[in-house]
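Just so you know, the working numbering puts 292 at position 250 of the sequence shown, and the rest follows in order with no gaps. For each residue, glycine too, the CB sits at the ideal point set by N, CA and C.
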Amino acid sequence: VIFLDAYSRLGSYESDDTDDIGSNDTKIHIIKSLDDLSIILRLIQDIIAKCKYLISPNSNFTLIIDSLTPILLTSLSSTFSFLKKISSGLTSEMNTFRVIAVYHSDIPTYPVNGITGMLNVRSTILSHFATTTITIKNMEQTRKESIYEYSKGTDVMVNVHMNSPECSICLIEHRKKSGKVFYERNVYHIDESTNDLIIQFAKEITDDINVKDNNNPDPTIANTLFNLSLTEEQKKAKNDVILPYTKVQGIIFVM
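The following block contains the structure:
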């Protein structure tokens, strides 16, 4: 585990850009300035090169950035250039490199010149960079934003554990290199009796409600000699199939 700490001593008056502390198992790199992101990029490249040499060339690497907000406050263009170099340069050298970046969309990060709407622009551009975008919202916020959308056959999902403050909804958008986009909607909450995190697909929540309707066959295909539809088990098995020669895709943003 290697940490790049750009919070504890950011803006320090000492001359060195980085300090290294910690043991061999847990190395901590103290970063004192975000003015030049190329320094951080070179540090990441050096760390990965050393890890590949000391451990294994085929080792899995995950870079977690928590969060992008301080970097965006420094420079918008530099931040996107930094992310582009990470996603293209580093991932081209290995198939097992993953970047997870957290972006707090509820924190105002408007530039000093006061351009309005920049927060939404940043969110849109970040989504364009990412292969997978995970947006986390609480149930009450989701219900207020789009009552109609979540009432179309999934109103039960909105009301599940509505009284629990730990309950939230997770909206996932995954972009394949082929151009296909897949959407997934999950609901999670904390079980008060066990403190376990319970995750459910949105459709699973309404299965018990719709089970009677599903038992009634469609009259248009009830008398056919063959079945054109797939069961839920068949759909899940189809989606879980790993295709050959598929490169692991790169950046995930959590918003």
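- In the three-state DSSP reduction, Lys92 falls in the helix class (H, G or I).
- Per DSSP, the beta bridge partners of Asn180 are Ser210.
- In this structure, Thr121 lies near Leu110, with their beta-carbon atoms less than 8 Å apart.
- Taking the C-beta atoms as reference points, Leu46 is found no nearer than 8 Å to Ile81.
- The DSSP-derived three-state label of Lys69 is strand.
- For the pair Leu76 and Ile44, the CB atoms are not nearer than the 8 Å cut-off.
- Residue burial is scored here from C-beta neighbours: Thr236 has fewer than 16 other C-beta atoms within 10 angstroms and is therefore classed as exposed.
- Judged by beta-carbon spacing, Ile86 lies beyond the 8 Å limit of Ala48, meaning their Cβ atoms are not closer than that value.
- Under DSSP, Tyr230 forms a beta bridge with Ser210, Ile241.
- Straight-line spacing of the CA atoms in Ser129 and Val141 works out to 8 Å.
- Judged by their CB atoms, Thr177 and Leu213 are nearer to each other than the 8 Å cut-off.
- DSSP places Leu46 inside the beta strand (DSSP E), whose first and last residues are 44–47.
- The alpha carbon of Ile211 has as its nearest neighbour, out of Leu239, Val223, Ser220, Lys219, the alpha carbon of Leu239.
- Relative to the Cα of Cys93, the nearest Cα in the group Asn180, His170, Lys69, Tyr225 belongs to Lys69.
- At a Cβ-Cβ threshold of 8 Å, Tyr225 and Ile241 do not count as neighbours.
- Between Lys219 and the set Leu118, Ala172, Asn180, the nearest pair of CA atoms involves Ala172.
- Residue range 111–116 is occupied by the alpha helix (DSSP H) that includes Leu114.
- Restricting attention to Val223, Ser123, His71, Lys222, the CA atom closest to the CA of Asp78 is found in Ser123.
- When His170, Ala91, Lys179 are compared, the shortest CA-CA separation from Ser147 is found for Lys179.
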